[in-house]
Amino acid sequence: MDNREKTKLTDTEWKIMMLLWEKNPLTCRQMEDDLKEETGWSRHTIISFLKRMQKKNYIRMEEANPARLYYPLLNKDETVLQETRSFVEKIFHGKMGLLVSSLVDSEDITKDEINSMLQSLKKALIEKEDQNE
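Residue numbering for the sequence shown follows this note's numbering, beginning at 2 and increasing consecutively.
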């Protein structure tokens, strides 16, 4: 499913999608149990969110016994990448390097996070070099 142009998840939708990406299918009761401590949402509230997300084609519902099952329709990697690009465009005028510089300048960044970024950047550099050959 290609929703690149129209997918714009709300904070609420992100919580539900992250849960469904992590483990699916899930019933409404399972989602309520997983999200209750963090959100305090009732089953009725979750059902309302799920109905809206179905209309947007973010998730699908399957009738099952004893309870309906919910599945993600959006691809996690594509959705995260789209949201990241949108964020970088909005905050850093599309300049990915400014995002990385901002993260590196953060006092909260750990050595492991820096190493992870370095590995990703090295991999990207190698891939770009291979494309140019």
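Cβ atoms here follow ideal geometry from the backbone N, Cα and C, with glycine treated the same way.
Item	Value
Touch test, the stretch 78 to 89 against the stretch 26 to 43, Cβ-Cβ under 8 angstroms, three pairs minimum	no
Whole-angstrom distance between Gln120 and Lys9, CA atom to CA atom	29 angstroms
Reference Ser103, options Ile92, Met62 and Tyr59, closest by Cα	Ile92
Nearest-angstrom beta carbon gap, Ile17 and Met62 [assumed within contact, 8 angstroms]	Between Ile17 and Met62 the Cβ distance is about 12 angstroms, and since that is not below 8 angstroms, they are no contact.
Length of the line joining the Cα atoms of Leu20 and Arg30	13 angstroms
Of the residues Gln83, Arg69 and Phe50, the one placed nearest Pro26, counting alpha carbons only	Arg69
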